[in-house]
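Working notes, beginning with the structure itself.
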RNA sequence: CUGCGAUUAUAAUUCCCC
């Protein structure tokens, strides 16, 4: 049972909830952990919410992990009301459940409610603490974020990164830098974020130096450095980095695509896009970037339609506004209006 | 009797928000 469950989990990590289900179905003996593992696979992947719920309802028994997985799925789907309902109906004093709940509140801007739950925790653990830092950060409560940070000594690297994020996204360059310097250790989270911060403040040289001094040049750092160059108008250097990096992921492609989209010659972006679809499956961002490159109505339309017909991606308001932009630039005002009506 | 042992909540790089 244990080894099958472990195997099930390794497939879950690959994002293969179908395969996980097959393994689960083939198991002759299952225990609560096997059920939880499958629920975890369902809850973390793009399964419809109803299928997660139905699995949850089917379970012969449930422990707090099962409940928390269900809460997490509701949170991920943005179903705050049902989450609230399920959370309140439980009446268990569970730090994980509380953290899911208050973080979901914070993500929807309900910082008071979030703080209320956080303050009610029996004792503070570092994950809940970090989640509250993130809650403040997301809602731009800088003072509170810093105050909370200082009030608890058991910081870990996540706490530091959350604090850095809070200052970085509020545009406090000097303080971001001093937080970065104060951090006890650096990892790819902090490095990539700091590279971005430097790039946003026109310190491309410093960004490069930081990249050079990092010990593990993960793909994330390469991506950050490519974007840094694009943002500072160094598209040729960005392209060189892109071509020379050891491996590329979807974000690498999207990053260089974003850079090429802002140049005067959209053909480079189109060429890259067609090159990319040999190895990658483009996502919403890829299409947002390629649509931003389009000046011609015909080209824009062909990408816009290909998005759904070839890649099964629903267009969002980013894509609509890019399309409308192209149509308006070409003075196709009535077409733009028609498109808006179909949104 | 004790310890260990598979499953749950928090941070980053591309688009959007700012």
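Residue numbers (the numbering used here): 438 to 780. Ideal Cβ positions, reconstructed from N, Cα and C, are used throughout, including at glycine.
Buried or exposed, going by whether 16 or more other CB atoms sit within 10 Å of the CB of residue 652? exposed
Leaving out five residues before and five after residue 693 in sequence, what residues of the same chain have Cβ atoms less than 8 Å from its Cβ? 663, 667, 675, 676, 679 and 709
Output the residue ranges of the alpha helix (DSSP H) runs that lie fully inside the segment 670 to 699 and measure 4 residues or longer, sorted by chain position. 672 to 681 and 687 to 698
I think residue 572 touches residue 551, with their Cβ atoms under 8 Å apart; what is that distance to the nearest whole Å? 5 Å
8 Å contact criterion, which residue 672 and residue 648 should meet: CB distance rounded: The pair is not a contact, with the Cβ atoms about 17 Å apart (cut-off 8 Å).
Please state the DSSP three-state secondary structure of residue 654. Residue 654 falls in the coil class under three-state DSSP.
When the Cα atoms are used, what is the spatial distance from residue 505 to residue 537? 8 Å
Distance, residue 465 Cα to residue 600 Cα: 48 Å
Considering residue 591, what are the terminal residues of the alpha helix (DSSP H) in which it resides? Here residue 591 belongs to no alpha helix (DSSP H), and DSSP marks it neither H nor E.
Less than 9 Å between the beta carbons of residue 706 and residue 756, yes or no? Cβ distance not < 9 Å, so residue 706 and residue 756 don't count as in contact.
Give the DSSP-derived three-state secondary structure of residue 757 in the structure shown. Here DSSP, grouped into helix, strand and coil, assigns residue 757 to helix.
Grab the span of the alpha helix (DSSP H) containing residue 536 for me, first residue to last. 532 to 544
Could you give the distance in angstroms between the alpha-carbon of residue 540 and the alpha-carbon of residue 748? Their Cα atoms are separated by approximately 33 Å.
Taking residue 466 as part of the alpha helix (DSSP H), name the residues at either end of that continuous run. Residue 466 -> no alpha helix (DSSP H), and no H or E assigned at all.
Opening and closing residue of the alpha helix (DSSP H) in which residue 640 lies: Careful: residue 640 lies outside any alpha helix (DSSP H) and carries neither H nor E.
Please name the residue in 607, 704 and 635 whose C-alpha comes closest to that of residue 614. 635
Residues near residue 736 by beta carbon distance below 6 Å, same chain, minus five either side: Within the same chain, no residue comes within 6 Å of residue 736 by CB-CB distance, once the 5 residues on both sides are set aside.
Less than 9 Å between the C-beta atoms of residue 394 and residue 566, yes or no? This structure leaves residue 394 out entirely; the chain is present only between 438 and 780.
Which two residues bound the contiguous alpha helix (DSSP H) that contains residue 504? 501 to 513
Which of helix, strand or coil does DSSP assign to residue 731? coil
Using the Cα positions of residue 589 and residue 557, report the straight-line distance between them to the nearest angstrom. 16 Å
In angstroms with no decimal places, state the Cα-to-Cα distance between residue 646 and residue 624. 15 Å
Since residue 777 is in the alpha helix (DSSP H), which residue starts that stretch and which ends it? 770 to 779
Which residue marks the beginning of the alpha helix (DSSP H) containing residue 552, and which one marks its end? 548 to 556
Classify residue 462 as helix, strand or coil using the three-state DSSP reduction. Three-state result, residue 462: helix.
Is the distance from the Cβ of residue 691 to the Cβ of residue 723 below 9 Å? yes
Between 621, 610, 660 and 622, which has its C-alpha nearest residue 639's C-alpha? Comparing Cα-Cα distances from residue 639 to each of 621, 610, 660 and 622, the minimum goes to 610.
Out of 669, 461 and 655, which one is the CA nearest neighbour of residue 641? 669
Return helix, strand or coil for residue 597, following the three-state DSSP convention. Helix.
Along the alpha helix (DSSP H) that carries residue 611, what are the first and last residues, could you check? 610 to 619
Name the two residues that bound the continuous alpha helix (DSSP H) containing residue 704. 703 to 713
How would you call residue 727, buried or exposed, if buried means at least 16 neighbouring beta carbons within 10 angstroms? Buried: at least 16 other Cβ atoms inside 10 Å.
For residue 815, report the span of its alpha helix (DSSP H) as first-last. What is shown of the chain runs 438 to 780, which leaves residue 815 out entirely.
For residue 484, the three-state DSSP class (helix, strand or coil): coil
Excluding five sequence neighbours on each side, which residues of the same chain lie with their C-beta closer than 8 Å to the C-beta of residue 462? Closer than 8 Å at Cβ, skipping near neighbours: no residue.
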